[in-house]
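What follows is one structure encoded as structure tokens, with my remarks underneath.
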Amino acid sequence: MPGLARREQPLTVHHLNQLLLVCSLVLLVAVAAVRISSRSGLPSLLVYLGIGIAMGQDGVGNVHFNNAELTQVIGYAALVVILAEGGLGTKWKEIKPALPAATSLALVGIAVSVGVTATAAHYLIGLEWRQALIIGAVVSSTDAAAVFSVLRKVPLPARVTGILEAESGFNDAPVVILVVAFCTAGPVEHWYVLLGEITLELAIGAAIGLAVGWLGSWGLRHVALPASGLYPIAVMAIAVTAYAAGALAHGSGFLAVYLAAMMLGNAKLPHWPATRGFAEGLGWIAQIGMFVLLGLLVTPHEMGDDIVPALVIGLVLTMVARPLSVVVGLLPFRIPWQEQTLLSWAGLRGAVPIILATIPMVSGIAESRRIFNIVFVLVVAYTLIQGPTLPWLARQLRLGESEGAADLGIESAPLERLRGHLLSVAIPKGSRMHGVEVAELRMPSGAAVTLVVRDGTSFVPLPTTVLRRGDELLVVATDPVRDAAERRLRAVGQGGKLAGWLGLAGNGTGPHSRHSGQ
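What the sequence shown shows, in full-length UniProt numbering, is residues 1 to 518, in sequence order.
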């Protein structure tokens, strides 16, 4: 026991104060760096990696950190949060038409990418087949955070964004299974055994994710919590539950958390903007912590011999493997060549490949440190090239010119005793609700606009009150018409006062509709 006490130094209040100071300063620097990355067009992951490297043993911080196992554990936890945040922001109406194509890219496309990249690593770099297959699997997963930090700057067709988002949410699962299989001691299993294992784990993960997401959304919609701040906590807890249940059931926890979060994000839960903001904040913290830790794990002076192999493998991946996987994966679908070109170039790598590169290090695979260095250099180098050029390529392909009306921000607070809901509706700058009279909203019976907040002043609107961008409306709706009222508001936000004739009215028009305020 005395020896144990000497080896393990307990965390004292003094150490805690130092740790909190360092962590808070790193977070502040990282938050400030987002401004720089947004102006330069570079994904923020590069800035966070740079912070970690600067703190490491070759940087000004001189922090010696080489715990690959801890990095892997924290990386997995961060990926759960990032996938949950991505799923909550996924719009079902955009992703639904893209599901078949995205699924094909996440399965068939991954197989093509792994095969081509591993072949190049074996014959061009001289790696053994096991190491080559590991690298091929590790770098074949795209990263949602890296892709959409760039694509958000350019409005794209819904099919392109849907395919990219769904693919990045789906392809983590088969890639993790492949990397673990290739890192297992003994001969690599036959392809049909791996295919069966991948299919089974995906099926288990999908079933658990959908079940947990449905039960969670049903519960949150029918149980009024005593404080609005509990809703974001409950939503994230449900998403993490889906991951843990899927992983413990020997399924794909990553797919489970993504699907559960997607169901929660499309369930019109109470206090949704607050929940979305909370999840987005957690996602930023997860990204910052994960990339800074990965930067600490890197030893830059050991990477000199791995730069050229990384550039060669990355060139094959970017110019051959990714385009070929897109062409083969989308062969059954009628996707124009312009969209296929953008999908090929938008295959950014980010958090997932670097985290997966720690698996062979933990497993004790020969040359695992070299694999990690190659993947790290590859991700950094080709993100520097692809990231800033994505918006330019989208414009050249004429895929970033049309911009639709901005969607409304609608927050719902349940009025349990009154069996109703109070909807807070924010009219953004690009909404077509600007210039519409309150009476022209044609709200369903049982819903009414009760208050308008404009320039810090609130007033009760008349039927002839003209709504403006920047207004915030308070709408009271009874339980039976709550969904119809929200559909009607979103329809007018997209189609203006002509929404009924454009087929956008949902259930807000018809014989049971009436003029609000009358």
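Even glycine gets a Cβ: it sits at the ideal position worked out from N, Cα and C.
ask   = In or out: residue 199 buried (at least 16 other Cβ within 10 Å) or exposed?
value = The sequence position of residue 199 within the sequence shown is 199, counting from 1. Label assigned to residue 199: exposed.
request  = Following the continuous beta strand (DSSP E) through residue 426, name the residue where it begins and the one where it ends.
outcome  = Here residue 426 is taken as the residue at index 426 of the sequence shown, counted from 1. 420-426 is the extent of the beta strand (DSSP E) around residue 426.
Rounded separation between residue 158 and residue 90 - CA only = What you label residue 158 is simply residue 158 of the sequence shown in a count that begins at 1. What you label residue 90 is simply residue 90 of the sequence shown in a count that begins at 1. The alpha-carbon atoms of residue 158 and residue 90 are separated by roughly 11 Å.
Residue 371 vs residue 381 beta-carbon contact at 8 Å = Position 371 of the sequence shown, counting from 1, holds the residue named residue 371. Position 381 of the sequence shown, counting from 1, holds the residue named residue 381. Cβ distance not < 8 Å, so residue 371 and residue 381 don't count as in contact.
Beta-carbon spacing of residue 423, residue 481 below 8 Å = For the purposes of this step, residue 423 is taken as the residue at position 423 of the sequence shown. For the purposes of this step, residue 481 is taken as the residue at position 481 of the sequence shown. Contact flag unset, no.
key: Run of the beta strand (DSSP E) containing residue 454, from where it starts to where it stops   = Within the sequence shown, residue 454 is the residue found at index 454, counting from 1. Start and end: 447-454.
key: Close beta carbons around residue 312, own chain, < 6 Å, minus the five adjacent residues each side   = Start at 1 with the first residue of the sequence shown, and residue 312 comes out as number 312. The residues are 124.
ask   = In chain order, what residues of the same chain have a beta carbon less than 6 Å from the beta carbon of residue 247, not counting five sequence neighbours either side?
value = In the sequence shown, the residue the question calls residue 247 occupies position 247. Same-chain partners within the cutoff: 253.
request  = Please state if the CB of residue 267 and the CB of residue 217 are separated by a distance shorter than 8 Å.
outcome  = On the sequence shown, residue 217 is found 217 positions in, with the first residue counted as 1. On the sequence shown, residue 267 is found 267 positions in, with the first residue counted as 1. In this structure, residue 267 lies closer than 8 Å to residue 217 by Cβ.
key: Selected residue, minimal CA-CA separation from residue 387, among 427, 359, 342 and 428   = For the purposes of this step, residue 387 is taken as residue 387 along the sequence shown, with counting starting at 1. It is 342.
ask   = Among all the DSSP beta bridges, which residues are the ones paired with residue 56?
value = Translated into positions along the sequence shown, residue 56 becomes position 56. Answer is 63, bridged to residue 56.
task = Please check the pair residue 136 and residue 114, which I expect to be a contact at CB under 8 Å, by giving their CB distance rounded to whole angstroms.
result = Counted from its first residue, the sequence shown places residue 136 at position 136. Counted from its first residue, the sequence shown places residue 114 at position 114. Residue 136 to residue 114, Cβ: 4 Å. Contact.
ask   = Per the contact definition of three or more C-beta pairs closer than 8 Å, is the segment 78-95 in contact with the segment 282-298?
value = yes
query = So, are the CB atoms of residue 30 and residue 48 less than 8 Å apart?
reply = Looking up residue 30 in the sequence shown gives position 30. Looking up residue 48 in the sequence shown gives position 48. Closer than 8 Å, so yes.
key: Integer-rounded CB distance, given that residue 376 should sit under 8 Å from residue 354   = Here residue 354 is taken as the residue at index 354 of the sequence shown, counted from 1. Here residue 376 is taken as the residue at index 376 of the sequence shown, counted from 1. The pair is a contact, with the Cβ atoms about 6 Å apart (cut-off 8 Å).
query = residue 450: which of 421, 430 and 470 sits nearest, CA to CA?
reply = Translated into positions along the sequence shown, residue 450 becomes position 450. Of the listed residues, the one whose Cα sits closest to residue 450 is 421.
task = Could you check which residue in 234, 116, 250 and 300 has the C-alpha nearest to that of residue 173?
result = Residue numbering aside, residue 173 sits at position 173 when the sequence shown is read from its first letter. Cα-wise, what sits closest to residue 173 is 250.
query = For residue 326, which residues from the same chain have a beta carbon less than 6 Å from its beta carbon, with the 5 sequence-adjacent residues on both sides left out?
reply = As a position in the sequence shown, residue 326 is number 326, starting the count at 1. Excluding positions up to five away in sequence, the list reads 340, 343 and 344.
query = With which residues is residue 458 paired in a DSSP beta bridge?
reply = For the purposes of this step, residue 458 is taken as the residue at position 458 of the sequence shown. The partner list for residue 458 (beta bridge, DSSP) reads 453.
inquiry  = For residue 393 and residue 384, I'd like the C-alpha separation in whole angstroms.
reply    = Along the sequence shown, one-based indexing puts residue 393 at 393. Along the sequence shown, one-based indexing puts residue 384 at 384. Roughly 15 Å separates the two Cα atoms.
ask   = If you compare alpha carbons, which of 227, 18 and 171 is closest to residue 349?
value = As a position in the sequence shown, residue 349 is number 349, starting the count at 1. Of the listed residues, the one whose Cα sits closest to residue 349 is 171.
key: Buried versus exposed call for residue 318 [16 or more other C-beta atoms within 10 Å across all chains shown]   = Residue mapping note: residue 318 aligns to position 318 of the sequence shown, counting from 1. Flag for residue 318 reads buried.
Selected residue, minimal CA-CA separation from residue 368, among 181, 241, 466 and 134 = Taking the first residue of the sequence shown as 1, we reach residue 368 at position 368. If we check each option's Cα against that of residue 368, 134 comes out closest.
request  = Indicate the three-state DSSP secondary structure (helix, strand or coil) for residue 474 in the structure shown.
outcome  = Taking the first residue of the sequence shown as position 1, residue 474 is located at position 474. DSSP places residue 474 in strand when its eight states are reduced to three.
task = Classify residue 204 as buried or exposed, calling it buried when 16 or more other Cβ atoms lie within 10 Å of its own Cβ.
result = Residue numbering aside, residue 204 sits at position 204 when the sequence shown is read from its first letter. Under this definition residue 204 is a buried residue.
key: Inside the segment 223-286 only - alpha helix (DSSP H) runs reaching at least 4 residues   = 230-248 and 253-265
request  = Taking residue 93 as part of the alpha helix (DSSP H), name the residues at either end of that continuous run.
outcome  = Looking up residue 93 in the sequence shown gives position 93. Run containing residue 93: 92-95, per the alpha helix (DSSP H) assignment.
task = List the endpoints of the continuous alpha helix (DSSP H) containing residue 465.
result = Looking up residue 465 in the sequence shown gives position 465. No alpha helix (DSSP H) holds residue 465; DSSP gives it neither H nor E.
request  = Verify whether the separation of the beta carbon atoms of residue 467 and residue 433 is less than 8 Å.
outcome  = Here the question's residue 467 lines up with position 467 in the sequence shown. Here the question's residue 433 lines up with position 433 in the sequence shown. A contact, by the Cβ cut-off of 8 Å.
request  = Report the rounded CA-to-CA distance for residue 120 versus residue 23, giving the unit in angstroms.
outcome  = Sequence index remark: in the sequence shown, residue 120 carries index 120 (1-based). Sequence index remark: in the sequence shown, residue 23 carries index 23 (1-based). Approximately 41 Å, taken between the alpha carbons.
query = Do residue 71 and residue 378 have their CB atoms nearer than 8 Å?
reply = Within the sequence shown, numbered from 1, the residue matching residue 71 stands at position 71. Within the sequence shown, numbered from 1, the residue matching residue 378 stands at position 378. No.
task = Give the single residue among 109, 242, 116 and 141 whose Cα lies nearest to the Cα of residue 132.
result = Here residue 132 refers to the residue found at position 132 when the sequence shown is read from its first residue. Out of 109, 242, 116 and 141, 116 has the C-alpha closest to the C-alpha of residue 132.
ask   = Just the Cα atoms here: how many angstroms apart are residue 177 and residue 74?
value = Residue 177 sits at position 177 when you count from the first residue of the sequence shown. Residue 74 sits at position 74 when you count from the first residue of the sequence shown. C-alpha separation (whole angstroms): 19 Å.
Classification of residue 366 by the beta-carbon crowding that lies within 10 angstroms, buried from 16 upward = For the purposes of this step, residue 366 is taken as the residue at position 366 of the sequence shown. With fewer than 16 other Cβ atoms within 10 Å, it is exposed.
request  = Note down the Cα distance separating residue 6 from residue 17, rounded to an integer number of angstroms.
outcome  = Sequence index remark: in the sequence shown, residue 6 carries index 6 (1-based). Sequence index remark: in the sequence shown, residue 17 carries index 17 (1-based). Because the pLDDT at residue 6 is just 43, under 50, the model does not fix this residue reliably, and the point stays unresolved.
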